[in-house]
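Novice:
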Amino acid sequence: MRTWLYLIHPPREDFIATITPDEAAIMGEQHSPYLARLLDEGTLILAGPTWGQPWNDGVAIVEAADEEAARAIMEADPAITSGLMVGELREMRVSYLRGRA
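Number 11 in our numbering belongs to position 11 of the sequence shown; there are no gaps in the numbering.
Pasting the structure below:
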């Protein structure tokens, strides 16, 4: 398995501070359960939002056999399928991970 980072880019810089009820519903009722399912399946390594820069991007690190599979995981994320967020996929190597020798 290979490791992939996908970013979800919000529609505006201050997204977290200005999230609308409809956007919150997508993120809380669809996106979060999707990530929880990936975690339960063993696909998701970690995920969460970022703060402190102009854009409040979301980050997810997943394992997938190849780019096609990783892209399918990213593109199935309701934050992206809803049109709310734009995804960006990058392959990465986990070189250091706490608890792993």
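C-beta atoms are modelled at their ideal positions from N, C-alpha and C, and glycine is treated no differently.
Shortest alpha-carbon distance to H31 belongs to which of T43, P78 and E23?
Specialist: Taking the first residue of the sequence shown as position 1, residue 31 is located at position 31. Closest option to H31, Cα to Cα, is P78.
Novice: Keeping to the same chain, check which residues put their C-beta closer than 6 angstroms to that of M74; ignore five residues upstream and five downstream.
Specialist: For the purposes of this step, residue 74 is taken as the residue at position 74 of the sequence shown. The answer, listed in chain order, is Y6, G87 and L89.
Novice: Could you please give me the residues that DSSP links to T81 through a beta bridge?
Specialist: Locating residue 81 in the sequence shown gives position 81, where the first residue counts as 1. Its beta-bridge partners do not exist; DSSP assigns none.
Novice: Count the other CB atoms, across all protein chains shown, that sit within 10 Å of the CB of M85; report buried if there are 16 or more and exposed otherwise.
Specialist: Here residue 85 refers to the residue found at position 85 of the sequence shown. Result: buried.
Novice: Going by beta-carbon coordinates alone, are I45 and V62 separated by less than 8 angstroms?
Specialist: Your numbering for residue 45 matches position 45 in the sequence shown. Your numbering for residue 62 matches position 62 in the sequence shown. Yes.
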